[in-house]
Amino acid sequence: MNAATLAVVAFAALLVAYLTYGRFMATRIFRLDPSRRTPSHELEDGVDYVPTRVPVLFGHHFASIAGLGPILGPAIAVVWGWLPAVLWVVLGCIFIGAVHDLGALAVSLRFKGRTIGDVCSDLMGWRARLLALLIIFFLLALAMGAFVNAISGLFVNFNPDAIIPSFGLMLVAVAVGIAVYKLKVGLGPATVVGLVLFALLIVCGVEWPITSYEWFASAEARQALDGARDAAPAEGVPGFEKPYGAAAAVRHLQAVGNERAAEQVTAAIALTQKWWIWGLLAYAFLASVLPVWLLLQPRDYINSFQLYFILATLFVGLVVAAATGAPENHINAAVFRPDVPMTAIGPGQTIDDVGRAPSWLPLLFVTIACGAVSGFHSLVSSGTTVRQLDRETDARVIGYGAMLVEGVLAILVIAACVAGLGAEAWQSGGEYGSWKSIGGAGLAVQLSAVVRGGGNFLALLGIPTRYGTAILAVTVVAFALTTLDTATRLLRFNVEAICRAVDLEPLANRYFASLVAVCAIAFFGLVPAGKTLWTLFGTANQLLAGLTLLTVSVFLYKLGRPVVYTVVPMVLMLAMSIWAMTINLVGFWENESLSKFNQWSLTVVTLVVLAMSLWLIVEGLLSFARGRGGLEREERESPEPVTAGTQP
Amino acid sequence: MTRVSVLLIRENAEQLTGGGCCGTLDADDPMLGGRDPFHHARQDRRDLGLLHRAIRKLYPPDGDRGQVAVQIVDPRNQLYLIAKLAADVIRYRPGLGAGLCTICQMFSLPAVVVNGRVISRRGETLDPDAVCHAIGQALHDRRPAGDTP
Chain B
2 MNAATLAVVA FAALLVAYLT YGRFMATRIF RLDPSRRTPS HELEDGVDYV
52 PTRVPVLFGH HFASIAGLGP ILGPAIAVVW GWLPAVLWVV LGCIFIGAVH
102 DLGALAVSLR FKGRTIGDVC SDLMGWRARL LALLIIFFLL ALAMGAFVNA
152 ISGLFVNFNP DAIIPSFGLM LVAVAVGIAV YKLKVGLGPA TVVGLVLFAL
202 LIVCGVEWPI TSYEWFASAE ARQALDGARD AAPAEGVPGF EKPYGAAAAV
252 RHLQAVGNER AAEQVTAAIA LTQKWWIWGL LAYAFLASVL PVWLLLQPRD
302 YINSFQLYFI LATLFVGLVV AAATGAPENH INAAVFRPDV PMTAIGPGQT
352 IDDVGRAPSW LPLLFVTIAC GAVSGFHSLV SSGTTVRQLD RETDARVIGY
402 GAMLVEGVLA ILVIAACVAG LGAEAWQSGG EYGSWKSIGG AGLAVQLSAV
452 VRGGGNFLAL LGIPTRYGTA ILAVTVVAFA LTTLDTATRL LRFNVEAICR
502 AVDLEPLANR YFASLVAVCA IAFFGLVPAG KTLWTLFGTA NQLLAGLTLL
552 TVSVFLYKLG RPVVYTVVPM VLMLAMSIWA MTINLVGFWE NESLSKFNQW
602 SLTVVTLVVL AMSLWLIVEG LLSFARGRGG LEREERESPE PVTAGTQP
Chain F
2 MTRVSVLLIR ENAEQLTGGG CCGTLDADDP MLGGRDPFHH ARQDRRDLGL
52 LHRAIRKLYP PDGDRGQVAV QIVDPRNQLY LIAKLAADVI RYRPGLGAGL
102 CTICQMFSLP AVVVNGRVIS RRGETLDPDA VCHAIGQALH DRRPAGDTP
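Protein chains in written order, with the working numbering: chain B, 2 to 649; chain F, 2 to 150.
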């Protein structure tokens, strides 16, 4: 099996599923009816409720659900072998993720475009609603803690060349925002100038990488690094070349026997990363108080170009690799690796000597979250997309289809990691050689694996590897920063609401609330257990998906429809999430490298989310126990047929 | 007979979200605490909504004058927008200059494109009467002589 064949089989499975299972779910279970008036027609106002054609709405919906999640999760999960990761992405998308997104759309359609949270409140009561909001609150803080951790590691260890374009992109976004929205410059010229500036920033970043760790290194270490840059390549010594990442610097210094300088650089790395985290938190604070049109919206606009560029280039790169028989098409990863060594196995050692990594079960199911199923999609599906559906049957393309395309992105990332990265990464000592080197390492290592693997695919298209990796690194960082901006703002709104609720009106201002939000993110971002945050985030995300599937199941149950197609995924999601959370809980408690404060606080956070999850399950069971009925009237309402949509 | 193509290109991202798969800034009202971070954008959207309703009132999709296809497009959706603008220019042939202006997206947002020709003016508020008049003119132009509406 090679990467191209793997991708073709996976894509074919997704396509067949769309044509069969997707159709079955849409017609038989959710009973989407093209003649029923959708909220976009019923409440058409040209503002929120607008009947929109499928190709148009698909683009909007996909740009809103795709991001960093389907990139980061698969990059970690392939450590257990490529087959479990691919199977989970494909089967998870088909039977859970796409059903989840379609279900959220279908339920919201019948409730006049209301959000899934509101529907959940109606069907299961306000307590369930409150629990969902609390889970989202924790989820956001956790995810952002993980993201700042990952970005700082990427900037310092692997991609100093991404610093200039990443921050430059913000300035470009602001300039585009002002030009388009305030100065009323033409969209075409503003876009072209913005993209050209972005390309120039990539060139600047690649040519002049910012090795920030050198700012905190001793004079002796800096001198050693200068010597390493000028040194001629030697056999057996890893080169120290652009972009001069700190990880490469340490490897080089160790190889030439300069242990003292290597130690000094290692110490500088820790300090630099901490400073970057603070810097990113300062950015999050600033971005949270700035108007959205100034930074968030224009960057979102540029992000959409990056998303399609990455999808297209990874896909074409894979096709070229297959056509030319390039080594990037050869899968170097094991098919299935249930026993991952905890650390690299040395000469004469066995896996029993170094210990085993956590089992793939249940961690695989929470590590790949957005690539297979994501609770957040329900917010996009039910709140905004549903109000633009022209016909009910369009929900199949938008809800089910867009999730499958996100699965395609996840498969391409898997291909980049298991094949594009090269054989070395899978040998002992390589990124995927042991759990400590990938799953247990900082998130930056995992991002770096995607960046380098994808960069090799881009190289097949004639894009120099240095530029390819820089483009991918900047894209990943841009996605993460957009999410960081958004999430900090959401946390801020929540803090403001809480301050008002407890009569602390003076504190309900954007600056104080942003500060509290940033502190919550800082707690997770700076905690030494940052590497486990992703699985904790994945767990919370899957819980949210479980909640949505619970709401959809209750909806179907009350209408007297078959619920097995949503209850089984729901049970799987809830079971895996709770199992993974219990493992995390024990891990935090037994982790001696954590301070008592961190141990306690992480344990308490996990316990709170665990308790909320169990409570939520009880709420769902109570709702089922209340019996069927209650929605028949809505179902029986004879819909006013739609005689014409917006289709030409 | 070909329908009249009307493209309303929004000033701001239609979804009004941000954050991708791991967080969104719109959709769940209780999370926003009653806030509307996109209030400035909503005003623009309301203006475009007024225009949309005016067009739909005069040219209803299911009425006997339902020969007008109206689309509201998000400027982020460039994959669709580029193809649609090019297709409209090729189909309706608005003239070289006007066609180039349309294809190169030499319009400020929000914009109205009727049969491949940009009819909105830079920085000016969209006037429903003027837009409806332009659509009416386009409808008239495509009718064979002697065919009365």
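Just so you know, even glycine gets a beta-carbon here, dropped at the ideal spot from N, CA and C. In this text the structure is predicted, and so the values were computed from the model without any measurement.
Please report how far the alpha carbon of residue i lies from the alpha carbon of residue j, in whole angstroms.
i                      : j                      : result
residue 39 of chain F  : residue 540 of chain B : 30 Å
residue 360 of chain B : residue 101 of chain F : 59 Å
residue 51 of chain B  : residue 208 of chain B : 47 Å
residue 233 of chain B : residue 63 of chain B  : 48 Å
residue 388 of chain B : residue 186 of chain B : 30 Å
residue 113 of chain B : residue 40 of chain B  : 5 Å
residue 254 of chain B : residue 235 of chain B : 13 Å
residue 266 of chain B : residue 227 of chain B : 13 Å
residue 138 of chain F : residue 46 of chain F  : 26 Å
residue 322 of chain B : residue 99 of chain B  : 30 Å
residue 521 of chain B : residue 492 of chain B : 9 Å
residue 43 of chain F  : residue 49 of chain F  : 10 Å
residue 94 of chain F  : residue 461 of chain B : 40 Å
residue 11 of chain F  : residue 623 of chain B : 45 Å
residue 36 of chain B  : residue 391 of chain B : 11 Å
residue 29 of chain B  : residue 46 of chain B  : 31 Å
residue 301 of chain B : residue 238 of chain B : 42 Å
residue 602 of chain B : residue 195 of chain B : 44 Å
residue 594 of chain B : residue 585 of chain B : 15 Å
residue 455 of chain B : residue 414 of chain B : 7 Å
residue 7 of chain B   : residue 421 of chain B : 13 Å
So, residue i versus residue j, is the Cβ gap smaller than 7 Å?
i                      : j                      : result
residue 329 of chain B : residue 110 of chain B : no
residue 91 of chain B  : residue 334 of chain B : no
residue 553 of chain B : residue 82 of chain B  : no
residue 445 of chain B : residue 206 of chain B : no
residue 543 of chain B : residue 370 of chain B : yes
residue 119 of chain F : residue 9 of chain F   : no
residue 416 of chain B : residue 69 of chain B  : no
residue 538 of chain B : residue 108 of chain B : no
residue 342 of chain B : residue 355 of chain B : yes
residue 200 of chain B : residue 191 of chain B : no
residue 399 of chain B : residue 12 of chain B  : no
residue 500 of chain B : residue 76 of chain B  : no
residue 269 of chain B : residue 220 of chain B : no
residue 526 of chain B : residue 74 of chain B  : no
residue 139 of chain B : residue 610 of chain B : yes
residue 174 of chain B : residue 296 of chain B : yes
residue 89 of chain B  : residue 373 of chain B : yes
Can you tell me which residues form a DSSP beta bridge with residue i?
i                      : result
residue 9 of chain F   : F/73 and F/113
residue 342 of chain B : B/357
residue 331 of chain B : B/3
residue 118 of chain F : F/115
residue 53 of chain B  : B/390
Could you tell me if residue i is buried or exposed, where buried requires 16 or more neighbouring beta carbons within 10 angstroms of its beta carbon?
i                      : result
residue 427 of chain B : buried
residue 85 of chain F  : buried
residue 261 of chain B : exposed
residue 85 of chain B  : buried
residue 83 of chain F  : exposed
residue 3 of chain F   : exposed
residue 127 of chain B : exposed
residue 549 of chain B : buried
residue 156 of chain F : There is simply no residue 156 of chain F to check, as chain F begins at 2 and stops at 150 in what is shown.
residue 620 of chain B : buried
residue 597 of chain B : exposed
residue 578 of chain B : buried
residue 37 of chain F  : exposed
residue 91 of chain F  : exposed
residue 337 of chain B : exposed
Would you grab the beta carbon distance between residue i and residue j for me? Rounded to a whole angstrom, and I think it's under 8 Å.
i                      : j                      : result
residue 331 of chain B : residue 3 of chain B   : 6 Å
residue 26 of chain B  : residue 401 of chain B : 7 Å
residue 52 of chain F  : residue 127 of chain F : 5 Å
residue 483 of chain B : residue 304 of chain B : 6 Å
Taking 6 Å as the line, does the beta carbon of residue i fall inside it for any heavy atom of the ligand HEM?
i                     : result
residue 22 of chain B : Among the components modelled here there is no ligand, and therefore nothing to report on the ligand HEM.
- request: Check each residue of the region 101 to 122 of chain F: if its Cβ is closer than 9 Å to any Cβ of chain A, include it; give the result in chain order.
  value: The chain labelled as chain A is not found among the protein chains of the depicted structure, namely B and F.
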